[in-house]
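Protein chains in written order, with this note's numbering: chain Y, 387 to 472; chain U, 245 to 909.
Report on one structure; see the data block that follows.
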Amino acid sequence: MILLSLLLFACATFVAWPLIRFAPDALAGEPELFDALEERDRALSALRELEFDHRAGKVLDDDYRTLVRTLRLRAAEALRSVDAHA
Amino acid sequence: MALLGSGALAAALGLYVYAALAGAWGAARSARKLQRSARNALLAALPATATATGVLVTAFVRHDFSFVYVAEHSSRTLPFAYRVSALWGGQEGSLLLWLLILASVSFGAVLLNRRLVDRTLPWAVPILAALASFFAYLLVFVSSPFATQTAPLDGAGLNASLQNPYMLAHPPLLYVGYVGLTVPFAFAMAALLSRRLDARWLVATRRWTIVSWTCLGLAILLGSKWAYGTIGWGGYFAWDPVENAALMPWLTATAYLHSVMVQEKKGMLRVWNVSLVVLTFSLALLGTFLTRSGIVDSIHSFSRSPIGAWFVGFIAVVVLASIALVVVRLPLLRARSPQLESLVSREAGFLYNNLLLVAFALTVLWGVLFPVLSQTVRGVPYSVGPPYYDFFLRTFGLPLLLLTGIGPLIAWRRASLRSLRRSLAVPAVAALAAGVALVVAGDGGEPAGLAAYTFSAFVLTAIAVEFVRGTRARRSLDGGSWAAAFSSLVSRNRRRYGGYVVHAAVAMLAIGIAGSSLYRATAERRLHRGQTIAVHGYSLRYLGTSFRPGANHDELRAILAVSRHGARDGVVAAGRNHYHAEAFFGNAAAIRTDWLRAEDLFVIADSFDVDGSVDVKVIVNPLVDLIWLAGVVFLFGSFVALWPDAREEKRLVRHELSVGKVVPA
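Have a look at this one:
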């Protein structure tokens, strides 16, 4: 009974504590900026991946030249989007 | 003691219900104090649940038969390890173990992800709590492990099939696998509710998904090993409904682990991934239901119980609510989702692999449910046997195996046919060489076996090629030694290269399954002392019987001298065990392993007669040990993939901090 009472008391205190003492901050974010940062990281990562695949011989020179152009444009667009939202 | 256990369980239920209700209210109203209080309630439920579990384990260890559950699942002669594992020997204890694991993973997921998914977490807490509330409710009101009685002198004992070392690990691993899938489900639903459908919930749940998937995979393998040694029919997987129940969520989780990479890399397949998470979790719940309800006939269903209806209702609510939420959020999920650029690309490969895995899981599901539906709707009993499953294993499994080799060789976005030809050349030659060698050796008679072997050769060569080419590329980019380049290659992308090791395990598994199921040799006859039985180069001479009494069980064995190609090769002892408290006879097969050939000599002895004669069945299982070795490789690959790499999480937290503004209350 003592153990059970201690358990119940400890749980109740832990649960009630934020209601009594916690001074919360409300978070307000900008999802558009987060998405833009995500898109930028994805585009840069795709460029790195392409470079690696090219070196590994999975992507031939002709394909590489076509793809790298597209990916660079995408990365530049993503960077502009980050700047626009920042 | 019982009061402490039931009180702790009731407290856990109260905490879960509070966390679910207060958490949902707090999340809907953005009431941060209430959100934090609900989170604390979810965290506090772990010590409460652990206390209840501790009470039950202590009762088992101390032979406290005043607990009905302890009396029904243990005895005084039961060895210590099995007294602890008796916790999951019956329904109530299994549910308690389930709840303890759920409390633990909820605790870990909430604490570890509090920074990464600060805006999604308020919804994840009530979802995790609501799911836990169901199990806590069952334990408190429907199926309590803390019912007491006047203690009898001894207990009824533990099901003899469970008195096996593999059963110490198989059920907990299985439950960690099932329950761990709650985390991706809860965070996916939370992401939908909070409208935060970016990569954060994927990163937050990635490690939990891999851990659950690894545990589920290992549990299936350990269960197979247990069945192999204990059931005594020489096989390891019989497409039993309960075995299938574990296989289905593993298959869909495998699909998810692949398709989630497409979403992370390209932002595609959002609807598909959320749907896969829902399907996987629903199948995990179905697995628990099938195991615990006794609705299907299975050697693994250790109890029949009244909780079936509760489970059906619970699964229905989870499935319908999840589908409704996905449908409501479809416009958000579909927004800015790019299209597939080419049908010959890594992402397209993942898509094909997903379709095959899900199709296979659904055909298995139909095989499991059809007998139940047939009995319920038409009143006609019907069983779906191995030929059905074997057909679909070949139909979907062989192309999947080939894709396991092809996928990693294709570049992301788009691959030209010329580059594809160049990438596939070496593995294709290796596969062809393996096929020709098999045909020349006279093992090409089984088309499915031949395909499995050649495809596996393709996969293993493709993996080796990938490591070599990757190391070379890394070295050309970074410089340094070959060893440094290899180390950098793996550490930069542990998930990918750990995944390749897992692919190697899959190829080994395929070889093991094909060898042991298509090329096995069997002989069976009744032997008198001095007589022999011969099969596939082995000859076994029956020397006589031995009997060894024990406190927990007696052992009766037939002793057979083994010779191989004429040379003596020791003795084996196969027979039966008699468990006293349980009044049960169990098989004790003799298994002689030749690790060099990965081959087992499997001997079963039964129907002992007073004249000394015995029925002996001898099976030679070629390559079967590759299946168990594949388990070790699988575990190693999973460890590589799981090895902590906080770069991705730190990157997302950095983004979160750079976009979030703190507004004082």
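Think of the CB as a built atom: it goes at the ideal place given N, C-alpha and C, for glycine as much as any other residue.
Status (buried if at least 16 other CB within 10 Å, exposed otherwise) for U/THR620: The residue you call residue 620 of chain U lines up with position 376 of the second sequence. Exposed, by the Cβ-count rule.
Spatial distance of U/ALA605 from U/GLY724 (CA atoms): By 1-based counting over the second sequence, the position of residue 605 of chain U is 361. By 1-based counting over the second sequence, the position of residue 724 of chain U is 480. Computed Cα separation, rounded: 46 Å.
Any chain U beta carbon closer than 8 Å to Y/LEU465: Taking the first sequence and counting its residues from 1, one reaches residue 465 of chain Y at position 79. It does not: the Cβ of Y/LEU465 has no partner Cβ on chain U nearer than 8 Å.
Local Cβ density within 10 Å of U/ALA909, reported as buried at 16 or more and exposed below that: Within the second sequence, the letter at position 665 stands for residue 909 of chain U. Low confidence applies to U/ALA909: its pLDDT is 37, below 50, so where it sits in the model is not reliable, and the reading given next is rough at best. Exposed, because fewer than 16 other Cβ atoms sit within 10 Å of the Cβ of U/ALA909.
Contact set between Y/LEU446 and chain U, taken where Cβ atoms lie within less than 8 Å: Your numbering for residue 446 of chain Y matches position 60 in the first sequence. Residues of chain U passing the Cβ test: SER660, ARG662, SER663, ARG666.
Collapsed DSSP secondary structure at Y/ASP447 in the structure displayed: Mapped onto the first sequence, residue 447 of chain Y falls at position 61. Helix at Y/ASP447.
Closer than 9 Å at the beta carbon, the chain Y residues around U/LYS509: By one-based count along the second sequence, residue 509 of chain U stands at place 265. Simply ARG428, SER431, ALA432, GLU435.
Buried versus exposed, by CB contacts within 10 Å (16 or more), U/ALA839: For this step, residue 839 of chain U is matched to residue 595 along the second sequence. Looking at the sequence itself, residue 839 of chain U is Trp, so the reference to Ala does not match. It counts as exposed.
Amino acids of chain Y, ordered along the chain, whose beta-carbon sits closer than 9 Å to that of U/THR295: As a first step, residue 295 of chain U must be located in the second sequence, where it is residue number 51. Within chain Y, the residues near U/THR295 are LEU389, LEU390, LEU393.
Amino acids of chain U, ordered along the chain, whose beta-carbon sits closer than 9 Å to that of Y/ARG455: Residue numbering aside, residue 455 of chain Y sits at position 69 when the first sequence is read from its first letter. Within 9 Å Cβ-Cβ: nothing; Y/ARG455 doesn't reach chain U, min ~12 Å.
Per-residue DSSP class, three states only, for U/HIS797: The count along the second sequence starts at 1 and reaches residue 797 of chain U at position 553. Look at U/HIS797 here: in three-state DSSP terms it is strand.
One or two residues paired with U/ILE848 in a DSSP bridge: Start at 1 with the first residue of the second sequence, and residue 848 of chain U comes out as number 604. DSSP lists U/LYS861 as partners of U/ILE848.
The beta strand (DSSP E) enclosing U/GLY724, as first and last residue numbers: As a first step, residue 724 of chain U is located in the second sequence; it is residue number 480 there, counting from the start. From DSSP, U/GLY724 is part of no beta strand (DSSP E); its letter is neither H nor E.
Buried/exposed call for U/GLN583, threshold 16 Cβ in 10 Å: As a position in the second sequence, residue 583 of chain U is number 339, starting the count at 1. With fewer than 16 other Cβ atoms within 10 Å, it is exposed.
Residue nearest to U/PRO625 in terms of C-alpha spacing, selected from U/PRO631, U/TYR422, U/LEU613, U/GLY756: In the second sequence, counting from the first residue as 1, residue 625 of chain U sits at position 381. Measuring from the Cα of U/PRO625, the nearest candidate turns out to be U/LEU613.
Length of the line joining the Cα atoms of U/PHE846 and U/ARG836: Residue numbering aside, residue 846 of chain U sits at position 602 when the second sequence is read from its first letter. Residue numbering aside, residue 836 of chain U sits at position 592 when the second sequence is read from its first letter. Their backbone Cα atoms lie some 7 Å apart in a straight line.
7 Å Cβ shell around U/HIS915 - same chain, five flanking residues per side excluded: Residue 915 of chain U lies beyond the stretch modelled for chain U, which goes from 245 to 909, so this question has no answer here.
Chain Y within 8 Å of U/LEU383, Cβ atoms only: Along the second sequence, one-based indexing puts residue 383 of chain U at 139. Not closer than 8 Å to any Cβ of chain Y, the Cβ of U/LEU383 fails to qualify, so no.
Best match in U/THR789, U/ALA885, U/LEU412, U/GLY557 for proximity to U/SER851 [C-alpha to C-alpha]: For the purposes of this step, residue 851 of chain U is identified with residue 607 of the second sequence, where counting begins at 1. That would be U/THR789, whose Cα lies nearest to the Cα of U/SER851.
Any chain Y beta carbon closer than 8 Å to U/ALA723: The sequence position of residue 723 of chain U within the second sequence is 479, counting from 1. For the record, residue 723 of chain U in the displayed sequence is Gly; it is not Ala. Not closer than 8 Å to any Cβ of chain Y, the Cβ of U/GLY723 fails to qualify, so no.
Where U/THR321 sits in the DSSP three-state scheme: What you label residue 321 of chain U is simply residue 77 of the second sequence in a count that begins at 1. Coil at U/THR321, not helix or strand.
Contacting residues, own chain, Cβ-Cβ under 7 Å from U/GLN507 (five flanking each side not counted): Position 263 of the second sequence, counting from 1, holds the residue named residue 507 of chain U. Excluding sequence neighbours, U/GLN507 sits near LEU446, LEU513, ARG514, ASN517.
Distance between U/ALA330 and U/PRO550 (C-alpha atoms, nearest Å): Indexing the second sequence from 1 puts residue 550 of chain U at position 306. Indexing the second sequence from 1 puts residue 330 of chain U at position 86. Each residue's Cα considered, the two are about 21 Å apart.
Exposed unless 16 or more other CB atoms sit within 10 angstroms - verdict on U/LEU259: Stepping through the second sequence from its first residue, residue 259 of chain U is reached at position 15. Buried, by the Cβ-count rule.
U/GLU487 - containing alpha helix (DSSP H), residue span: Along the second sequence, read from residue 1 onward, the residue named residue 487 of chain U stands at position 243. Taken as a continuous stretch (DSSP letters only), the alpha helix (DSSP H) holding U/GLU487 covers 485 to 510.
The stretch 418 to 444 of chain U: positions lying closer than 9 Å to chain Y by Cβ: ARG439, ARG440, ASP442, ALA443, ARG444
DSSP three-state assignment for U/VAL806, whether helix, strand or coil: Counting from one through the second sequence, the residue named residue 806 of chain U turns up at place 562. Looking at U/VAL806 - three-state DSSP - the assignment turns out to be strand.
For U/PRO908, three-class secondary structure by DSSP: The residue you call residue 908 of chain U lines up with position 664 of the second sequence. For U/PRO908, the pLDDT reaches just 40, beneath the cut-off of 50, and the residue's location in the model is therefore unreliable, although a value from the coordinates is still provided. Strand.
C-alpha gap between U/VAL907 and U/ARG666, whole angstroms: Looking up residue 907 of chain U in the second sequence gives position 663. Looking up residue 666 of chain U in the second sequence gives position 422. Note that U/VAL907 has pLDDT 41, beneath the 50 cutoff, so the model's placement of it is unreliable and the number below is only indicative. Straight-line Cα distance between these residues: approximately 57 Å.
Closest by C-alpha distance to U/ARG801, when choosing among U/ASP889, U/HIS809, U/TYR786, U/ARG276: For the purposes of this step, residue 801 of chain U is taken as the residue at position 557 of the second sequence. That would be U/TYR786, whose Cα lies nearest to the Cα of U/ARG801.
Contact list for U/LEU247 against chain Y, beta-carbon separation under 9 Å: The sequence position of residue 247 of chain U within the second sequence is 3, counting from 1. Under the 9 Å cutoff, chain Y gives MET387, LEU390.
Bounding residues of the beta strand (DSSP E) (the contiguous stretch that carries U/GLU768): Taking the second sequence and counting its residues from 1, the one referred to as residue 768 of chain U is at position 524. Start and end: 765 to 771.
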